[in-house]
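Engineer: I have a structure here, written as structure tokens, and I will follow up with some questions on it.
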């Protein structure tokens with residue numbers, strides 16, 4: 514006979530209340546995981562955007578909206594590369610086309626389903642460190658006919674190396690598949706700059722240029738020089754890009770934590786109220802336990818263990834249902850099949866999120882058990898033993 | 005002496021008046037004796053048992069348990085004496101409804117930190133002694149009142165106490181069952197050498213006692 518066994522019996526004894534409490538926690542955790550997965554996917558994507566261009570300057574059209582390293586719309590002439598080449602302290606310049614497949618007007622989506630990246634293919638390793646990525650097949654050798662795709666896109670459309678893809682009116686051959694932890698690259702279609710310009714009708718235009726400064730160059734100075742020489746562009750350093758997006762990320766994180774704390778506070782109150790009712794109804798049982806010699810810590814443990822068990826069951830069920838909800842949220846906002854998200858479940862619901870939500874739930878349930886436990890310890894044993902129930 | 009009280013007094017405040025539930029009680033109880041405290045409801049029997057059982061604290065006076073002055077002890081030490089040396093039997097049995105018969109008997113042993121296999125072995129022996137070996141997995145609600153009191157007796161003996169305090173042990177039972185329970189308690193206490201103090205208003209119990217006291221308005225007199 515152990516204290517946990519007594520707690521299990523108590524919970525079983527008050528089956529309906531226990532089920533309602535567990536359901537309440539399950540709902541809260543489902544909500545947290547669903548929202549948390551969506552938020553962490555957005556923030557991870559945004560954070561990853563900048564990590565692709567660490568220490569580099571992004572040159573984009575002046576009035577364009579930029580999320581970290583990537584501009585949404587806006588074009589600059591390809592000849593800007595020549596103008597940039599005249600500036601001192603620049604090691605390399607990579608002209609790029611970057612297109613988010615948001616398909617606004619058709620279906621409103623928060624997450625882009627696909628990302629098209631066009632760049633000189635020989636400079637691909639300069640932009641995307643291939644050390645943490647695995648390329649199945651090869652980088653396109655025929656720039657106007659071959660493309661690389663991300664693993665998630667390949668899995669969604671069941672593509673293999675050598676397959677012919679009919680894309681935006683062109684017959685293209687798949688030369689390789691990029692696999693790795695990058696959310697952006699897993700949904701990317703990477704092609705040569707010429708091909709991207711042809712498909713998207715960017716005649717001698719690009720959407721951005723990535724400027725790689727010399728090792729010891731002053732990045733801020735180079736960016737200022739670019740903006741002073743070429744008045745229709747913005748030259749954003751890593752710090753400036755972070756300054757643009759960090760407030761958004763901070764807001765997202767604050768809302769995420771706000772929602773978590775709000776949901777868990779309501780759950781904590783629900784559990785505390787139900788547990789206080791349970792303790793009140795079991796006054797004589799607690800009085801008997803104290804009379805026969807149960808210690809204060811045993812009584813405390815008994816009550817808190819009950820609430821922790823509720824939290825554990827609710828938390829695990831919530832993670833399960835939350836995972837399902839997160840899959841459907843991600844699927845409905847991207848038109849990527851749910852099955853694809855299920856296959857890469859731990860990319861969507863990270864182990865960190867699982868541990869964080871479980872620990873938060875257990876901590877909440879533990880705290881919510883404290884008031885009822887103190888209430889149980891304050892029972893007047895003499896009165897409770899004499900009372901007639 | 006297993007129990008000795010000196011000028012034991014417990015005063016309750018009820019509204020603006022003070023009521024002495026136990027008034028200047030001096031009592032000496034020898035090891036292995038069976039004591040009966042006889043008196044009407046409201047005489048102060050339960051309060052006296054709670055004071056001797058260290059559940060309640062006196063307004064004045066002292067309780068010595070096995071030679072130890074309990075007024076000098078902290079709550080945790082008093083609890084340890086209750087757990088290891090005193091067994092309680094209540095009028096309304098006070099079994100935990102969600103636990104089976106054997107689990108109710110194992111409970112004091114679990115609280116005392118006895119290993120589970122030892123708990124089970126000892127609980128089975130006690131349940132056999134009270135004649136409930138075939139009902140070990142039943143819940144209290146599946147038992148008759150007589151059987152419930154037998155479980156309470158087994159639970160009271162679980163940690164091999166030196167003293168058993170029985171508060172109206174036959175109060176909820178019919179005459180026949182009451183007699184059976186009292187005889188069982190008497191036999192077990194004699195067999196195990198346990199001191200027992202029984203508070204009752206049932207005159208039929210008097211035959212098992214070594215010493216009988218009458219309690220009236222908080223005062224105690226030996227008959």
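Residue numbers (the working numbering), protein chains in the order written: chain A, 514 to 902; chain B, 5 to 227.
Heads up, the beta-carbon is just placed ideally off N, CA and C, and yes, glycines get one too.
Closer than 8 Å, CB to CB, is residue 876/A near chain B or not?
Structural biologist: Output row for residue 876/A: interface = no.
Engineer: Taking the alpha carbon of residue 534/A as the point to measure from, which residue in 570/A, 698/A, 825/A has its own alpha carbon closest?
Structural biologist: If we check each option's Cα against that of residue 534/A, 825/A comes out closest.
Engineer: Which residues, in chain order, does the stretch 67-100 of chain B contribute to contact with chain A at a C-beta distance below 9 Å?
Structural biologist: So the list reads 79, 80, 83, 84, 85, 86, 87, 88, 90, 91, 92, 94, 96, 98, 99, 100, given in the order they occur along the chain.
Engineer: Does any residue of chain B bring its CB to less than 8 Å from the CB of residue 530/A?
Structural biologist: No - not a single Cβ of chain B is within 8 Å of the one on residue 530/A.
Engineer: Evaluate the contact criterion for the stretch 127-139 of chain B versus the stretch 821-835 of chain A: three or more CB pairs, one atom per stretch, below 8 Å.
Structural biologist: No: fewer than three Cβ pairs fall under 8 Å.
Engineer: At 9 Å on the CB atoms, spell out the chain B contacts of residue 808/A, in chain order.
Structural biologist: What residue 808/A touches in chain B: 80, 83, 84, 87, 115.
Engineer: Given that a residue counts as buried once 16 or more other Cβ atoms are within 10 Å of its Cβ, and exposed if not, what is residue 187/B?
Structural biologist: Residue 187/B should be labelled exposed.
Engineer: Could you compute how far the alpha carbon of residue 687/A sits from the alpha carbon of residue 520/A?
Structural biologist: About 60 Å.
Engineer: Does chain B have any CB closer than 8 Å to the CB of residue 779/A?
Structural biologist: Not closer than 8 Å to any Cβ of chain B, the Cβ of residue 779/A fails to qualify, so no.
Engineer: Pick out whichever of 576/A, 566/A, 550/A has its Cα sitting closest to the Cα of residue 745/A.
Structural biologist: Nearest C-alpha to residue 745/A: 576/A.
Engineer: Where are the alpha helix (DSSP H) runs, 4 residues long or more, that stay fully inside the stretch 792-828 of chain A, in chain order?
Structural biologist: 796-804, all fully within the stretch 792-828 of chain A.
Engineer: Figure out for me which residue from 85/B, 180/B, 23/B has the closest Cα to the Cα of residue 7/B.
Structural biologist: Closest by alpha carbon: 85/B.
Engineer: Should residue 189/B and residue 170/B be called a contact, given that it needs their Cβ atoms to be closer than 8 Å?
Structural biologist: Yes. Within cutoff.
Engineer: What did DSSP end up calling residue 208/B once you bin it into helix, strand or coil?
Structural biologist: In this structure, residue 208/B counts as helix in the three-state DSSP scheme.
Engineer: Hey, how far is the Cα of residue 791/A from the Cα of residue 784/A?
Structural biologist: Rounded to the nearest angstrom, the two C-alpha atoms are 10 Å apart.
Engineer: For residue 852/A and residue 562/A, what's the separation of their Cα atoms in angstroms?
Structural biologist: If I take the Cα positions, the gap works out to 26 Å.
Engineer: Could you tell me whether any Cβ in chain B is nearer than 8 Å to the Cβ of residue 870/A?
Structural biologist: No, no contact with chain B.
Engineer: Verify whether the separation of the beta carbon atoms of residue 504/A and residue 538/A is less than 8 Å.
Structural biologist: Residue 504/A lies beyond the range of chain A shown here (514 to 902); nothing can be said about it.
Engineer: Quick one: give me the first and last residue of the beta strand (DSSP E) that residue 226/B is part of.
Structural biologist: Taken as a continuous stretch (DSSP letters only), the beta strand (DSSP E) holding residue 226/B covers 223-226.
Engineer: When Cβ atoms are compared, which residues of the stretch 784-801 of chain A fall closer than 7 Å to chain B?
Structural biologist: Within the stretch 784-801 of chain A, the residues whose Cβ lies closer than 7 Å to some Cβ of chain B are 797, 798, 801, listed in chain order.
Engineer: Looking only at its chain, what residues have a beta carbon closer than 7 Å to the beta carbon of residue 50/B, apart from the 5 residues adjacent to it on each side?
Structural biologist: Only 171, 203 meet the Cβ criterion.
Engineer: Strictly under 8 Å for the Cβ-Cβ distance: is residue 50/B near chain A by that measure?
Structural biologist: Yes - at least one Cβ of chain A is within 8 Å of the one on residue 50/B.
Engineer: Do residue 52/B and residue 219/B have their beta-carbon atoms positioned less than 8 Å apart in this structure?
Structural biologist: The answer is yes: Cβ separation under 8 Å.
Engineer: Between which two residues does the alpha helix (DSSP H) holding residue 31/B run?
Structural biologist: Per DSSP, residue 31/B belongs to no alpha helix (DSSP H); it is in the beta strand (DSSP E), 21-33.
Engineer: What residues from chain A crowd round residue 103/B, counting only those whose CB sits closer than 9 Å?
Structural biologist: Result: 514, 518, 519, 522.
Engineer: Using a beta-carbon distance below 8 Å, is residue 178/B in contact with chain A?
Structural biologist: No, because no Cβ of chain A sits closer than 8 Å to the Cβ of residue 178/B.
Engineer: So does the stretch 875-895 of chain A actually touch the stretch 812-821 of chain A, counting three or more Cβ pairs closer than 8 Å?
Structural biologist: Yes, the stretch 875-895 of chain A is in contact with the stretch 812-821 of chain A.
Engineer: Between residue 892/A and chain B, is there a C-beta pair that is closer than 8 Å?
Structural biologist: Chain B, which has no Cβ nearer than 8 Å to the Cβ of residue 892/A, makes this no.
Engineer: Could you tell me whether the stretch 634-641 of chain A touches the stretch 665-675 of chain A, where touching means 3 or more Cβ pairs closer than 8 Å?
Structural biologist: No, they do not touch.
Engineer: Could you check whether the stretch 52-70 of chain B touches the stretch 19-31 of chain B, counting it as contact only if at least three pairs of C-beta atoms, one from each stretch, sit closer than 8 Å?
Structural biologist: Because the criterion of three Cβ pairs below 8 Å is met, the stretch 52-70 of chain B and the stretch 19-31 of chain B touch.
Engineer: Based on Cα-Cα distance, which residue from 663/A, 598/A, 630/A, 689/A lies nearest to residue 654/A?
Structural biologist: Nearest C-alpha to residue 654/A: 689/A.
Engineer: Run the CB neighbour count on residue 854/A, radius 10 Å, all protein chains shown included, and call it buried at 16 or more, exposed below.
Structural biologist: Classification for residue 854/A: buried.
Engineer: Taking a contact to mean a Cβ-Cβ separation below 8 Å, would you say residue 77/B touches residue 14/B in this structure?
Structural biologist: No.
Engineer: For residue 517/A and residue 60/B, what's the separation of their Cα atoms in angstroms?
Structural biologist: Near 29 Å, if we compare the C-alpha coordinates of residue 60/B and residue 517/A.
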